[in-house]
Each structure stands twice: as C-alpha cells, then as structure tokens.
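So the sequence shown is numbered by our numbering: it starts at 7 and just counts up by one.
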Amino acid sequence: MEKKLATDLIEFLYKSPTAYHSVKAIKEVLTSKGFIEIKEEEKWNLQKEGKYYVTKNDSALIAFTVGRGEIEEAGFKLIGAHTDSPGFRIKAKPEMLSENKYIKLNTEVYGGPLLYTWFDRPLGIAGKVALKGESPLKPRVELININRPILIIPSVAIHMNRNVNEGFAVNKQKDTLPLLGLINEKFEKDNYLIKILAEELKVEADEIIGFDLGLYEIEKGSIMGINEEFISAGRLDDLWMVYAGMKALIDSDINASTNVLVCVDNEEIGSHTAQGADSALLLNILERITIALGKDKEGLYRALANSIMISADLAHAVHPNAEEKHDPTNRPVLGEGPVLKTAASGSYSTDSYNAAIFEGLCKAAGVPYQSFFNRSDVRGGSTIGPMTSSRLTIPVMDMGAPLLSMHSIRELASVKDNYYTIKLFTEFYKA
C-alpha cells in the first residue's frame, strides 16, 4: 500500500509540471470520482451529499463534499495547500544571442528556488498560452507541455571559476539563462519561441497573444534508497500535500460537516493574487456554498464559528549533514510522521488549542507525529495558514510532511510519511 501510494504521487507530480497542469490533473481525478464542476459565473444549485469543484485562473481549485448536517451547525473542515513551486518563468521577447551562435532564453526567477540545483539538467517548458478568441475580452487559453529536453543551463567550468567550490554567488539575470540551441537556417530572432509554441499547439503564430511559461526538469521522480524508503522528485513542495488532500477527500465518506480541499496558487511569491490565499477567493466560495444551501450570511458566520482548517505545507527535516541548522529540542526526521509547525512570530498559525486537535487526530489515525520550531537565530518561511486564519477567523493548524532539499529542483521525502499524511487527512475529514 505504501509503495503504491508513493508511485501514484510520483505519477501525479509528473503530470503536473506547472500549477495549471496540476489543476488539470486534479480535475481528471475528481471527475472520475463523481465530482461535478461548477462555474463562478453560474448560479449554484447544490445538494446535500453532493460533490463539487470550482477553479480560478486555471491554477487554483477548491473541491468540496456537502455534508449531511446543517452547515451552520456542522461547519467546514478544510485542508489547504498550494499548487505552485519555485523555479523560472520565461519573459516576453525571450530570445537572446551569444557569440552569434548560441540561442538563449531570457528568464526570471519565480519564488525562492535553490538556483545551483538547476544547472546542467535537461529542462522542458510548460504553462499556459493565451490565443485570440471571439472578442478581445475573451481570449482562448491552451495548456502546453513540451516534455522534451530542449533547454539546459550550463555550468562554467571549474578551470574558469577556480573558487566555485568555496562559494558561488549566482546572478539571476546572467548565470541562469537556459540554452535553447545553435543558430541555423531556421532561426529567426523575432518570435522564435512563439513559432515553437505555434507548432506544438498547431495554430498560426499570429494567434498567440501571450504566455505564462516555466521551466521544469523532465526526468520523472523515483522511489529510491537501499530499502526503497525515499521519494526523489521535483515539486513535492507543495503538490505532495495537494495530492494527499485530494486522496483523502475522495476516499472519505460523507458525514455531517462539509469537507473542503483548497488548492491555491502563488504561495511562493506571497499569495497576493486573485487565485492566491491572500485574496477573497476562499471566503467567497464558502459564502456561496452557504447561500446555495439555503442559508443567509448569518448562517455563514455560524458555519465559520464551527469550522477548522489544516494548512498543509512541507516541514524541514533535520539535515544529516547540517544538524546544527535545526532547533535543539524539536528535530523532525524523515519517516516519523507529519510535523506540526509553530512559531512565536506568527509565521505559522498553530497555537496550543490547534496543537491539541492535531495530536488527537494523529492518535485517532494511528500515525506518529513530530514538531517543528525554527532555530531561534534562523529566519524561517511562512505558509497560507496565518493569512487564511485571519481572513476566515477560524482555527488553522500549520503542519507538513518532513522534507529534505526543500526548493531544490529535486526534493527528498519518505514513502512512509506519504502514507501517514494521507491517513491523517482522511481521519480529519471523517472526524
């Protein structure tokens, strides 16, 4: 069972080179399990025990099963994660020449990737392309995935950078531009990438208005380790928690509460977008669910007062070669279960009340659990937890599965922790 779930996770990651593709993959799974897509612009007619999902900007998705109870009394049980991962995005007019021979693409960094891990890796291109539509206000959108090794960011040889192993400051505008190919008779400096996209999409080049494209490692993730205990893959942060939440939602029986899976975008750059956690998206959706079930705004506030959420991101496991980077007494490791994250700064939303709930859920699910605090002289990251808690004014526990190499092009997780996390999330939805 554990290995099968790990293999399924790797397949999900492989189908999800971008947030757009992850939402597409989620939709395919939900549809196969009887979930119905509803649109923001349509009137919602929801039924008790119904299963639904709604998307935003092709990169965020909120799915839910309507509970049997009255929503103002049973409330919402939410699991929130994000669909985006750190990496590179391609700028407009990206073609650049070097030595009148090399063709490079102009890129910018998205989020906080470990830049050096991107060197010398075969890379593909994936994302969203906007095409001319029936009117200027309604462009057509197509997803694209060039799942071939068409790009690489080559390293500078050690002979020309003798001190590289003592530390190398990577310049984001100069050092990380991917090489696309060599100039030949087919190369035209203007719109070269556009023509590649047009060939892939089988459209005319002048139909393409713009794009949101990123780079990704084309090599598939793998189960590895002497006892096959590890998962090595890109984009585990945070598509792993998206997968675990989706798996728990579809495997959970409907009960009194309305169970919600929240998959938002742009967490890696602060969530300040229409499809991000720091927007009105989630509150709007919860309000519309409440209204569609025949309740008023008072019913929404009562439902929120009876609601609780898990903010599911990844947690830093103690690094075997950098043990000193971690807190002296709270030291999560791979394979020992999900991790509750707490910070006095408020960068995580956990408090003692949430912690008690988390502990009770883990015990009920029969899974081990761990705790994470930042080392006091090391600045940590944050999650969607605090902003969601402040917007909904509900208890939100911040947790994650333990991870090594966070924000690397290829991260490292545990097969057992995938199993444990799914068990925990399933217990939460059925509690």
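Here a beta-carbon is modelled for each residue, glycine too, at the ideal position from N, C-alpha and C. Because the structure is a prediction, the values reported are computed rather than measured.
Beta-carbon proximity list for residue i, same chain, < 8 Å, skipping 5 on both sides
i, result
"His332", "His322, Val324, His325, Arg381"
"Arg154", "Gly130, Ile224"
"Lys45", "Val60"
"Val176", "Leu121, Tyr122, Thr182"
"Pro160", "Phe125, Asp126, Leu185"
Residues that residue i bridges to, as DSSP identifies them
i, result
"Glu223", "Leu129"
"Met7", "DSSP lists no partner for Met7."
"Glu417", "Ala239"
"Ile152", "Ile131"
"Ile42", "Tyr58"
"Met166", "Per DSSP, none; premise fails for Met166."
"Ile158", "Leu185"
"Ser317", "Gly86, Asp404"
"Leu346", "Ser377, Met405"
Nearest residue (CA-CA) to residue i, options the options
i, options, result
"Thr399", "Pro142, Ser104, Phe82", "Phe82"
"Val373", "Asp357, Asn424, Ser313", "Asn424"
"Val248", "Asp14, Gly300, Asn312", "Asp14"
"Ile291", "Tyr59, Lys30, Arg95, Leu11", "Tyr59"
"Lys49", "Gly300, Met412, Val402, Pro408", "Gly300"
"Leu242", "Pro155, Glu17, Lys9", "Glu17"
"Thr182", "Asn51, Ile156, Gly93", "Gly93"
"Thr264", "Lys30, Glu78, Tyr198", "Glu78"
"Ile363", "Pro401, Glu329, Ala31", "Pro401"
"Met403", "Phe431, Ala419, Met412, Gln281", "Phe431"
"Lys156", "Pro142, Lys39, Gly220", "Before going on, a small fix: residue 156 reads as Ile here, not Lys. The shortest C-alpha separation from Ile156 is found at Gly220."
"Leu287", "Ser65, Lys39, Ala309, Ile316", "Ser65"
"Glu101", "Gly282, Leu188, Met166", "Leu188"
"Gly231", "Phe125, Val421, Ile260", "Val421"
"Ala298", "Leu52, Glu43, Leu186", "Leu52"
"Leu267", "Phe70, Ala309, Leu346, Asn63", "Phe70"
"Lys110", "Lys180, Asp284, Met412", "Lys180"
"Asn63", "Ala350, Arg168, Lys30", "Lys30"
"Glu235", "Leu418, Ala437, Ala250, Lys33", "Leu418"
"Met315", "Lys436, Ala204, Asn360", "Asn360"
"Glu342", "Ile85, Phe125, Ser377, Lys10", "Ser377"
"Leu289", "Ile32, Lys39, Lys436, Leu84", "Leu84"
"Ser38", "Thr24, Arg337, Lys57", "Lys57"
Closer than 7 Å: residue i CB and nearest the ligand ATP heavy atom
i, result
"Lys369", "Ligands in the displayed structure: none, and consequently the ligand ATP is not present."
Between the CA atoms of residue j and residue i - distance to the nearest angstrom
i, j, result
"Thr61", "His27", "12 Å"
"Gly118", "Pro128", "20 Å"
"Pro184", "Asp357", "44 Å"
"Ser414", "Glu304", "46 Å"
"Phe434", "Ser91", "26 Å"
"Arg170", "Val162", "Just to set this straight, residue 170 is Val in the shown sequence, not Arg. Distance between the alpha carbons of Val170 and Val162 is about 9 Å."
"Ala384", "Pro334", "The question names Ala, but residue 384 in the sequence shown is Val. Distance between the alpha carbons of Val384 and Pro334: 12 Å."
"Ile237", "Leu245", "13 Å"
"Ile215", "Asp319", "35 Å"
"Phe41", "Tyr108", "49 Å"
"Ser277", "Ala12", "28 Å"
"Ile158", "Asn197", "20 Å"
"Pro408", "Asn106", "47 Å"
"Glu8", "Ala309", "36 Å"
"Ala87", "Asp212", "37 Å"
"Pro392", "Gly173", "35 Å"
"Glu47", "Asn261", "29 Å"
"Ile256", "Glu274", "27 Å"
"Thr389", "Ser141", "38 Å"
"Met405", "Lys347", "5 Å"
"Leu306", "Ser395", "16 Å"
"Gly282", "Gly133", "17 Å"
Same chain only: Cβ atoms within 6 Å of residue i, ignoring 5 sequence neighbours per side
i, result
"Ala226", "One detail in the question is off: residue 226 reads as Lys in this sequence, not Ala. For Lys226, where only same-chain residues beyond five positions count, the Cβ hits under 6 Å are Tyr20."
"Lys253", "Ile428"
"Gly139", "Pro145, Arg146"
"Ser228", "Ser238"
"Val339", "Ala323, Val324"
"Asn112", "Lys97, Pro100, Met102"
"Lys178", "Val115"
"Asn312", "Gly81"
Cut-off 7 Å between Cβ atoms - residues of its own chain near residue i, not counting five sequence neighbours on either side
i, result
"Lys54", "Val72, Arg74"
"Glu76", "none"
"Leu207", "Val135, Glu148, Ile150"
"Arg294", "Trp50"
"Ser285", "Thr279"
"Ser22", "Ser28, Ala31, Arg241, Leu245"
"Ile164", "Val170"
Cβ of residue i within 8 Å of any chain D Cβ
i, result
"Ala239", "Considering every chain present, this structure includes no chain D. It has just one protein chain."
* **Within the stretch 354-379, ranges of the beta strand (DSSP E) (whole runs, at least 3 residues)** => 376-378
* Going along the chain, which unbroken runs of the alpha helix (DSSP H) with 4 or more residues stay wholly within the stretch 227-268? -> DSSP runs (the alpha helix (DSSP H)) wholly in the stretch 227-268: 242-257.
* Asked: What runs of the beta strand (DSSP E), each 3 residues or longer, lie entirely inside the stretch 177-203?
  -> 185-188
* **Those runs of the alpha helix (DSSP H) which lie wholly inside the stretch 62-150 and span at least 4 residues** => Segments of the alpha helix (DSSP H) lying fully in the stretch 62-150: 77-80.
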